[in-house]
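Peer 1: Pasting in a structure now, in structure tokens, and then I'll have a few things to ask.
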Ligand code: GLN
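In the numbering used here, the protein residues as written are 221 to 478.
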């Protein structure tokens, strides 16, 4: 399954966010620790969204992250205090194109999905009936994750972000039981995330927040990226913002027994 992360804190370059740590997102592209599917790598592209004074900006590519010169030649020149990034292992049958890569963003929000919606697209048909056809025509790609983004954008018009993300998670689990739904949403100030049948970890200190599918490295004293990572229990909804304790609550089905 894909891997993703969110960072809030002192300005860092986008390249730094992608490559920092002894188990960076870059390393997770070819050597992930916890995939929970048949794939062994995340080679189907990557993306990063950051917040600037004029809203979100993104770079996405269908190349493996290790193959894109932008990481060492362009994204070294862009800094932000808030970044969402993702590497992709396409679910079998779903297209490999840069528009299928998370993060999905619209100027305000950035969204990512690790996992799979069971029996997509049929399983989401009833949920999609409340969304205007014109919004479906703007679906960025023919994937389960892009469909979740269309549903979430629609919900964000009328609901607070935590409510919208929680309701989406619960509605999709009801419509498509057994789906893996690690969702990540940010407005550049707060990160909301779910851990549903997939791995998630958080690391917070007084000035920064990291939420990531896998810790970016082991604890190393003095290293501001590695530090103390906490594993998030399956079936959790996470709210994280700088300077506040991480809030965990239950979401979705009871955790499965592994
Ligand atoms: N199902 C999504 C896709 O194909 C996410 C894949 C994943 O998490 N590996 O894009």
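Glycine included, each C-beta is placed from N, C-alpha and C at the ideal position.
Please report how far the alpha carbon of residue 231 lies from the alpha carbon of residue 301, in whole angstroms.
Peer 2: 4 angstroms
Peer 1: Alpha carbon to alpha carbon, how far is residue 409 from residue 425? Give it in angstroms, no decimals.
Peer 2: Take the alpha-carbon of residue 425 and the one of residue 409: they are about 15 angstroms apart.
Peer 1: Under a Cβ-count criterion, where at least 16 other Cβ atoms within 10 Å of its own Cβ denotes burial, should residue 248 be classed as buried or exposed?
Peer 2: buried
Peer 1: Could you give the DSSP three-state label for residue 313: helix, strand or coil?
Peer 2: coil
Peer 1: What is the DSSP secondary structure of residue 230, reduced to helix, strand or coil?
Peer 2: strand
Peer 1: Would residue 421 pass as a contact of residue 400 if the rule is Cβ separation under 8 angstroms?
Peer 2: no
Peer 1: How is the alpha helix (DSSP H) around residue 275 delimited, first residue to last?
Peer 2: Looking at the DSSP string, residue 275 is not in any alpha helix (DSSP H); the run it does join, the beta strand (DSSP E), is 275-281.
Peer 1: Helix or strand or just coil, what does DSSP make of residue 346?
Peer 2: In the structure shown, residue 346 adopts helical secondary structure according to DSSP, grouped into three states.
Peer 1: Check residue 478 in the structure and name its three-state DSSP category.
Peer 2: For residue 478, the predicted model reports a pLDDT of 37, less than 50, meaning its position is unreliable and no value from the coordinates is stated.
Peer 1: DSSP on residue 365, reduced to helix/strand/coil?
Peer 2: Under the three-state reduction of DSSP, residue 365 is assigned to helix.
Peer 1: Can we count residue 305 as close to ligand 1, meaning its CB is less than 7 angstroms from some heavy atom?
Peer 2: no
Peer 1: Would you grab the beta carbon distance between residue 385 and residue 305 for me? Rounded to a whole angstrom, and I think it's under 8 angstroms.
Peer 2: With 8 angstroms as the limit, residue 385 and residue 305 do not qualify as a contact, their Cβ atoms being about 18 angstroms apart.
Peer 1: Should residue 275 be labelled buried (16 or more other beta-carbon atoms within 10 Å of its own) or exposed?
Peer 2: Residue burial is scored here from C-beta neighbours: residue 275 has fewer than 16 other C-beta atoms within 10 angstroms and is therefore classed as exposed.
Peer 1: The alpha helix (DSSP H) with residue 386 in it runs from where to where?
Peer 2: 381-395
Peer 1: Is residue 334 near ligand 1, in the sense that its beta carbon is under 7 angstroms from a heavy atom of that ligand?
Peer 2: yes
Peer 1: Is it the case that the Cβ atoms of residue 233 and residue 298 are separated by a distance below 8 angstroms?
Peer 2: yes
Peer 1: I think residue 278 touches residue 265, with their Cβ atoms under 8 angstroms apart; what is that distance to the nearest whole Å?
Peer 2: At roughly 12 angstroms, the Cβ-Cβ gap does not stay under 8 angstroms, so residue 278 and residue 265 are not in contact.
Peer 1: On the criterion of 16 or more Cβ atoms from any shown chain inside 10 Å, does residue 471 qualify as buried, or is it exposed?
Peer 2: buried
Peer 1: Once the 5 residues before and after residue 352 are set aside, which same chain residues still bring their CB inside 7 angstroms of it?
Peer 2: none
Peer 1: Can you tell me whether residue 222 is buried or exposed? The criterion is at least 16 other CB atoms within 10 Å of its CB, across all chains shown.
Peer 2: buried
Peer 1: Are the Cβ atoms of residue 311 and residue 336 separated by less than 8 angstroms?
Peer 2: Pairing residue 311 with residue 336 gives a Cβ-Cβ distance under 8 angstroms.
Peer 1: Round the Cβ separation of residue 348 and residue 340 to the nearest angstrom and send it over; I've been treating them as touching at under 8 angstroms.
Peer 2: Residue 348 to residue 340, Cβ: 11 angstroms. No contact.
Peer 1: For the putative contact between residue 322 and residue 224, defined by C-beta atoms under 8 angstroms, what is the C-beta separation to the nearest angstrom?
Peer 2: 6 angstroms
Peer 1: Would you report the Cα separation of residue 477 and residue 282, rounded to the nearest angstrom?
Peer 2: Legend: pLDDT at residue 477 = 41, less than 50; position of this residue unreliable, value from coordinates given subsequently. Each residue's Cα considered, the two are about 35 angstroms apart.
Peer 1: How should residue 350 be labelled, buried or exposed, when 16 other C-beta atoms within 10 angstroms of its C-beta is the threshold for buried?
Peer 2: exposed
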